[in-house]
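Undergrad: Take this structure, written in structure tokens, and hold onto it; I'll ask about it next.
Residue numbers (this note's numbering), protein chains in the order written: chain A, 6 to 100; chain B, 40 to 401.
This is how it looks when you write it as structure tokens:
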């Protein structure tokens, strides 16, 4: 599989990132490099190899499902550029 | 006594306990050194008032007896760590002005141990880079010189490496995803360790690639790294991936005795076309280990060549997922623009144009 400039342009559009026309070939090349990496990894035979999640034996810790934190509305809103009546204020995005 | 900023953690600990010096004295010595070294671009947010207050508290604690090993030791903290009430922007313009209402677990542990934060240290933006040249604050500079040129301290923990190498602190925190502690430590001739994943809690550290990120110490000696790492490690209920394994006394394990240990030298780590001076370093290192009584064995790690491809699939994927939330911050910035535009009776169009420019610059 190979990414051409048209596909790179489409991905950039979907990601809402503006890429100039002349920068598209380089971007497509970068995509292809990453796909090349994945192909390189595909050549490794992992048949019968147990998946490793950590170098030390580790299981996800569980805890009792209870409230241990909260009630810090002031702190949560402290870094907001604008907050009113306990809410973040953001620009209107839907007409 | 001058030059207190040049002490190691172990030396300062012993002198503090013997009441030969005070934490305030070491801290002032570091603060003077910091102000004289702005050209290195190591410190990006200085916190001298907080430092002196913390040093006074540490001196009181030492006076009362039974203070922890690192009580009164002045440190620099990488800008990636959230520090309560102190700017924490991961060297990015997106987080400008962000003053967290909470403290990262690692920096809290260091605080609880009585250490003194001198300020926040430069780094590559969002810890992505290996030369500290992608920082919104400007480049960090290596204190070592071969001629008039400014050399890179490496990255992403470039400010930490530069600060430790130039004695602008006794030690610093770093973080390492794909070499961000080890490479700058090597570039500046200091000691840095990336601990085993899970040893240090990642809570409160701006995430890059969650399954690879680890915090670690950057110090002037191996002993210092052992002392500092012990405080940074430990299970944290706020990070489910932090290891619930007891933390040993690392310093007590520094016996200096490696007789009879088998040390493998992977042939894949010595690549074709490697400069002869690097080859000499490998040989010198091997000889040093052999002289100390270790057994040297040539080994092969055939999967080494897949490390980089695996990294370049995992790291960008996790980074994209983690930093997607930064669009929220971008929105906040946009909000400021909208307000500014509104007060100037502009329409929404210029905002869209600004956005386009911003994204095309990203």
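We treat Cβ as the ideally placed atom computed from N, Cα and C, and that holds for glycine.
Since we're looking at a predicted model, the values are computed, not measured.
1) Quick check: what's the CA-CA separation for residue 210(B) versus residue 217(B)?
2) From the DSSP output, which residues share a beta bridge with residue 82(B)?
3) Taking C-beta to C-beta, are residue 153(B) and residue 110(B) nearer than 7 angstroms?
4) Using DSSP's beta-bridge definition, name the partner residues of residue 254(B).
5) Which same chain residues, not among the five before or five after residue 368(B), have their C-beta less than 6 angstroms away from its C-beta?
6) Select from the region 322 to 356 of chain B all residues with a C-beta closer than 7 angstroms to any C-beta belonging to chain A, and list them in chain order.
7) Return the CA-CA distance between residue 281(B) and residue 224(B), expressed in angstroms with no decimal places.
8) Using 10 angstroms around the beta-carbon of residue 120(B), count the other beta-carbons present and answer buried if the total reaches 16, otherwise exposed.
9) For residue 336(B), which residues in the same chain have their Cβ closer than 8 angstroms to its Cβ, ignoring the five residues on either side in sequence?
10) Please list, in chain order, the residues of the region 257 to 288 of chain B that have any C-beta partner in chain A closer than 7 angstroms.
11) When you compare the CB of residue 137(B) with every CB in chain C, is at least one pair closer than 7 angstroms?
12) Residue 89(A) by DSSP, collapsed to three states: which one?
13) Nearest to residue 161(B) by CA position, among 150(B), 135(B) and 196(B), is which residue?
14) Hey, how far is the Cα of residue 156(B) from the Cα of residue 114(B)?
15) What residues in its chain sit with their C-beta under 6 angstroms from that of residue 124(B), if we drop five residues either side in the sequence?
16) For residue 42(A), tell me which candidate among 359(B), 347(B) and 205(B) has the shortest Cα-Cα distance.
17) Report the start-end ranges of each beta strand (DSSP E) in the region 170 to 256 of chain B that is 3 residues or longer and not cut off at the edges.
18) Which residue marks the beginning of the beta strand (DSSP E) containing residue 303(B), and which one marks its end?
19) Whole-angstrom Cβ separation of residue 198(B) and residue 83(B), contact assumed at under 8 angstroms?
20) Using CA coordinates, which residue listed in 257(B), 101(B) and 66(B) is at the minimum distance from residue 88(B)?
21) Cβ atoms of residue 48(B) and residue 112(B): under 7 angstroms apart, would you say?
22) Using a threshold of 7 angstroms, state whether the C-beta atoms of residue 194(B) and residue 163(B) are closer than that.
23) Give every residue of the same chain whose Cβ lies closer than 6 angstroms to the Cβ of residue 82(A), excluding the five residues on either side of it in the sequence, and list them in chain order.
24) To test your reading of the DSSP string, which unbroken beta strand (DSSP E) runs of 3 or more residues are found completely within the region 70 to 121 of chain B?
25) Who are the neighbours of residue 408(B) on chain A, taking C-beta pairs under 8 angstroms?
26) Can you tell me which of 326(B), 43(B), 246(B) and 183(B) puts its alpha carbon nearest to the alpha carbon of residue 229(B)?
27) Within 7 angstroms (strictly less), CB to CB, does residue 69(A) reach chain B?
28) So that I know if they touch, is there some Cβ in chain B lying closer than 7 angstroms to that of residue 18(A)?
29) Rounding to the nearest angstrom, what Cα-Cα distance links residue 286(B) and residue 279(B) in this structure?
30) Taking 8 angstroms as the limit between beta carbons, can you name the residues of its chain near residue 98(A), skipping five residues before and five after?
31) Could you check the C-alpha separation between residue 250(B) and residue 235(B) for me, to the nearest Å?
TA: Result, derived from the coordinates:
1) Computed Cα separation, rounded: 21 angstroms.
2) According to DSSP, which records beta bridges pairwise, residue 82(B) is partnered with 160(B).
3) Contact: yes.
4) Its beta-bridge partners are 214(B).
5) Its pLDDT being 45, under 50, residue 368(B) is placed unreliably by the model, and the measurement read from it follows with that caveat. Closer than 6 angstroms at Cβ, skipping near neighbours: 133.
6) Near chain A, meaning a CB-to-CB distance below 7 angstroms, the residues of the region 322 to 356 of chain B are 345, 348, 349, 351 and 352.
7) Looking at the backbone, the Cα of residue 281(B) and that of residue 224(B) are separated by about 24 angstroms.
8) In the assembly as shown, residue 120(B) is a buried residue. Its beta-carbon has 16 or more other beta-carbons within 10 Å.
9) The residues are 301, 302, 303 and 304.
10) Residues 276, 279, 282, 283 and 284.
11) The structure shown contains no chain C; the protein chains it does contain are A and B.
12) Judged by DSSP in its simplified three-state form, residue 89(A) adopts strand.
13) Comparing Cα positions, the closest option is 196(B).
14) If I take the Cα positions, the gap works out to 5 angstroms.
15) The residues 138, in chain order, have a CB closer than 6 angstroms to that of residue 124(B) in the same chain once the five nearest residues on each side in sequence are set aside.
16) Looking from the CA of residue 42(A), the closest CA among 359(B), 347(B) and 205(B) belongs to 347(B).
17) Taking only runs of at least 3 residues, the beta strand (DSSP E) segments lying wholly in the region 170 to 256 of chain B are 210 to 215.
18) DSSP places residue 303(B) inside the beta strand (DSSP E), whose first and last residues are 301 to 305.
19) 7 angstroms between Cβ atoms; contact.
20) For residue 88(B), the nearest C-alpha among the options comes from 66(B).
21) Cβ distance < 7 angstroms, so residue 112(B) and residue 48(B) count as in contact.
22) Between residue 194(B) and residue 163(B), the C-beta spacing is below 7 angstroms.
23) Sequence-distant Cβ neighbours of residue 82(A) in its own chain, meaning closer than 6 angstroms and more than five residues away, are 88.
24) Here the runs fully enclosed are 82 to 85 and 113 to 117.
25) Here chain B comprises residues numbered 40 to 401, so residue 408(B) is not present and cannot be evaluated.
26) Among 326(B), 43(B), 246(B) and 183(B), the Cα nearest to that of residue 229(B) is on 183(B).
27) By this cut-off, residue 69(A) is not an interface position.
28) Cβ-Cβ to chain B under 7 angstroms: no for residue 18(A).
29) The alpha-carbon of residue 286(B) is positioned some 17 angstroms away from that of residue 279(B).
30) Annotation for residue 98(A): no residue places its beta carbon closer than 8 angstroms to its own, counting only its chain and skipping 5 residues before and after.
31) Within the model, the alpha-carbon separation for residue 250(B) versus residue 235(B) is close to 11 angstroms.
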